[in-house]
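Worksheet for the structure shown next.
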Amino acid sequence: MVLSTSNGASPTVYLETYGCQMNIADSELVSGVLRAAGYSNAESPENADVILLNTCAIRDHAEERVLGRLSVLAQLKSRRPEVRLGLLGCMAQHNRARLIEQAPYLDLVAGPDTYRRLPELIRSARFDPAVDLRLDRNETYAGLPSQREGGVRAYVTAMRGCDKFCAFCVVPYVRGRERSVPAAALIREIGELAEHGVKEVVLLGQTVNAYRDGDVDFGKLLRKVAAIDGLERIRFTSPHPSDMSDSVIEAMATEPKVQPYLHLPVQSGSDRVLAAMARGYTTGEYLDLVARLRGAIPGLALSTDIIVGFHGEEEADFEATLELMTEIAYDSAFTFKYSLRQNTGAYKLGDTVSEAEKSRRLSAVIALQEAISLERNRATIGAEYPVLVEGPARRGQGMLAGKAPQFKTAVFPARSGVVPGQTVRVRIESATAHSLTGVQV
Ligand code: SAM
Ligand code: SF4
Numbered sequence: 014m015v016l017s018t019s020n021g022a023s024p025t026v027y028l029e030t031y032g033c034q035m036n037i038a039d040s041e042l043v044s045g046v047l048r049a050a051g052y053s054n055a056e057s058p059e060n061a062d063v064i065l066l067n068t069c070a071i072r073d074h075a076e077e078r079v080l081g082r083l084s085v086l087a088q089l090k091s092r093r094p095e096v097r098l099g100l101l102g103c104m105a106q107h108n109r110a111r112l113i114e115q116a117p118y119l120d121l122v123a124g125p126d127t128y129r130r131l132p133e134l135i136r137s138a139r140f141d142p143a144v145d146l147r148l149d150r151n152e153t154y155a156g157l158p159s160q161r162e163g164g165v166r167a168y169v170t171a172m173r174g175c176d177k178f179c180a181f182c183v184v185p186y187v188r189g190r191e192r193s194v195p196a197a198a199l200i201r202e203i204g205e206l207a208e209h210g211v212k213e214v215v216l217l218g219q220t221v222n223a224y225r226d227g228d229v230d231f232g233k234l235l236r237k238v239a240a241i242d243g244l245e246r247i248r249f250t251s252p253h254p255s256d257m258s259d260s261v262i263e264a265m266a267t268e269p270k271v272q273p274y275l276h277l278p279v280q281s282g283s284d285r286v287l288a289a290m291a292r293g294y295t296t297g298e299y300l301d302l303v304a305r306l307r308g309a310i311p312g313l314a315l316s317t318d319i320i321v322g323f324h325g326e327e328e329a330d331f332e333a334t335l336e337l338m339t340e341i342a343y344d345s346a347f348t349f350k351y352s353l354r355q356n357t358g359a360y361k362l363g364d365t366v367s368e369a370e371k372s373r374r375l376s377a378v379i380a381l382q383e384a385i386s387l388e389r390n391r392a393t394i395g396a397e398y399p400v401l402v403e404g405p406a407r408r409g410q411g412m413l414a415g416k417a418p419q420f421k422t423a424v425f426p427a428r429s430g431v432v433p434g435q436t437v438r439v440r441i442e443s444a445t446a447h448s449l450t451g452v453q454v
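Numbers 14 to 454, taken from the working numbering, label the letters of the sequence shown in order.
This is the structure in C-alpha cells:
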C-alpha cells in the first residue's frame, strides 16, 4: 500500500540532498526505495506530496543551512498542511528528538539506517511525527535498487559507518559502526551499471579502504571490480591513511582501470594535533605513505582534507600544516574551520581558537593551496591525457568537459561525433588552479 493522494494519482516526493558523496548515494537509494513503493519524483517542493531533506551533521554550518531551509518549507506546509515534511540522514540522527522541538512541523525524522522502512514511516506520520533513529550494525542496503541520475560515472557505496572515532568527528555516532556491502552484491550492481553504459565507478565509504568481506579486502575488491567488462575507470573515496595497505597500493599500481588519483585526508601537519585528533598516524608515517604511493603509481594526483583551529592548535602547529602542504604539494585540498560537535571525543574540551583566528588560518591554507594547485596544473601543459567525456562544459560555448585520470577537469572544443562516455586524447594548453584547457589530438 502506498500513500494515497486526494485525486488518486501516485504520490510524489521531492528530495533535497546536503553534504557528502555518501549522502548523494543515499538519496539515490531513498529514491529507489520510494519508487518501488509507488512514488514518483516531484520537480519542486511546491507540487510534492512528500518533501524530504537528506542532511549532513559534519559541521555546524551544514546544520544551520538545513534549519534555514526547513523554516522556508514550513511556510509551504502551513499553506498545504497535507504535505509531509521529513528530515533524513546524519542531522536527524545527531539531533534526534530535539529536532521535533526545534521544528514541530516535521512529520518525519529518520536516521541513515532506516531507509528500507521509509514508505511505512511516511504512511504512519499522519497525525503524530514518525521518528526512527535505530542504527543497525548489519544494514548495508545490499541489493536494494538505487535510482541514479545517469551519466558516465556512478557512485556506489561499498562500506558504511566508521570505527575510527577521530576526536572531532560525528560520523561514527550518526552513521554507526563500520560494515561492508558483500562483494558479490557489489560486483552484481557494478556489472549492471556497466551494462547500462556507466564507464566509471567511484566506490564510497567513510574509510573505504577498511573494506572487508571474508577474505576480500579492499585491494582484492578493486581487482574484482576491475575484471568487470565494459567498465573503464575505478576510483574510490575516502581512504584512511592507516588502512592504506600494500594490497591496496599494489592494486592501484597494477590495475590499469584504477585511476591515479587519491584523496588522502591528513587533517593537520602537527604531530601534537594529530595525536589529539586521534587520527592514528604521525606526519612521518603519512609522508612515508605518500612516498610509497608516489613511487608505486606514476603520475599520481593527491588531494586532502585540512582542519584549522582544532582544540589546542597553536600558531606553531598551524605553521607545521602549511609546511606539510608545501612539502607534499597536493593537487587540491578541502579546507575547513574546526566546528565543535556534540557527542564527539573533543566536544568537552571546547574551542581554544577564536572564530577570527580560524578564519585567518583558513584563508592562509586556501591561498597556499591555490598557488600549489595552479603550479601543479600548469605543470601538465603540453601533456596529453585520455579524457572521459562527460558532456558540455559549464562555461564556454561549444566546449566539452571530462576528467583526466588524475580527476582534473579538462575542457576542450567539441568535435562533431564526440559523445559523453567516449574517451578522447586531449593535449593540455593552459591551466587554472581548478581546471585544464586543451585540444583533442
Ligand atoms: N572519513 C574521512 C577521513 O577520515 O578522511 C573523512 C570524512 S568527513 C565526512 C570529511 C571531512 O570533514 C574530514 O576529513 C574533516 O576534514 C572534515 N570534518 C569532520 N569533522 C569536522 C569538524 N568537526 N569540523 C571541521 N571539519 C570536520
Ligand atoms: Fe570521521 Fe575519522 Fe571516521 Fe573519517 S575516519 S569519518 S574523520 S571518525
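Cβ coordinates follow ideal geometry from the N, Cα and C atoms, glycine included.
Next on the checklist: Using a Cβ-Cβ cutoff of less than 6 Å, which residues in the same chain neighbour V122 once the five nearest sequence positions on both sides are dropped?
Outcome noted: L100, A105, L112 and V144
Item to check | Other residues of its chain near V184: CB distance less than 6 Å, five sequence neighbours each side excluded | outcome: C175 and Q219
Checklist entry - Taking buried to mean at least 16 other C-beta atoms within 10 Å of its own C-beta, is E208 buried or exposed? => result exposed
Checklist entry - Do you know whose CA, among A288, Y299, E245 and R305, lies nearest S260's CA? => result R305
Item to check | D126 (DSSP reduced to helix, strand or coil) | outcome: coil
Item to check | As assigned by DSSP and simplified to three states, the class of E442 | outcome: strand
Item to check | Assigned secondary structure, L101 (DSSP; H/G/I helix, E/B strand, else coil) | outcome: strand
Item to check | Pocket of ligand 2 defined by Cβ to heavy atom distance under 6 Å | outcome: C175, K177, F178, C179, C182, V184, P185, Q219, T220 and H253
Checklist entry - Which word fits T450, buried or exposed, when buried means at least 16 other C-beta atoms lie within 10 angstroms of its C-beta? => result buried
Next on the checklist: For S91, count the other beta carbons within 10 Å of its own beta carbon; 16 or more makes it buried, fewer makes it exposed. Which is it?
Outcome noted: exposed
Checklist entry - What is the rounded straight-line gap between the Cα of D126 and the Cα of V439? => result 43 Å
Item to check | Simplified DSSP state of K416, which is helix, strand or coil | outcome: strand
Item to check | Assumed close pair T68, C103 - CB separation to whole angstroms, cut-off 8 Å | outcome: 6 Å
Next on the checklist: Taking 7 Å as the cut-off, is the beta-carbon of F349 closer than that to any non-hydrogen atom of ligand 1?
Outcome noted: yes
Next on the checklist: Please report the distance separating the alpha-carbon of R389 from that of P273.
Outcome noted: 15 Å
Next on the checklist: If contacts are defined as beta-carbon pairs under 8 Å, then V279 and Y299 qualify, I think. What distance do you get, rounded to the angstrom?
Outcome noted: 6 Å
Next on the checklist: At a cut-off of 7 Å, would you count Q280 as near ligand 1, judging by its Cβ distance to the nearest heavy atom?
Outcome noted: yes
Checklist entry - Any contact of the stretch 40-51 with the stretch 143-161, i.e. 3+ C-beta pairs under 8 Å? => result yes
Item to check | Close-in-space but distant-in-sequence residues of the same chain around S258 (CB under 8 Å, 5 per side omitted) | outcome: N222, D230, F231 and G232
Checklist entry - Can you round the beta-carbon distance between P94 and D62 to whole angstroms, since I take them to be within the 8 Å contact cut? => result Not confirmed; about 12 Å, so no contact.
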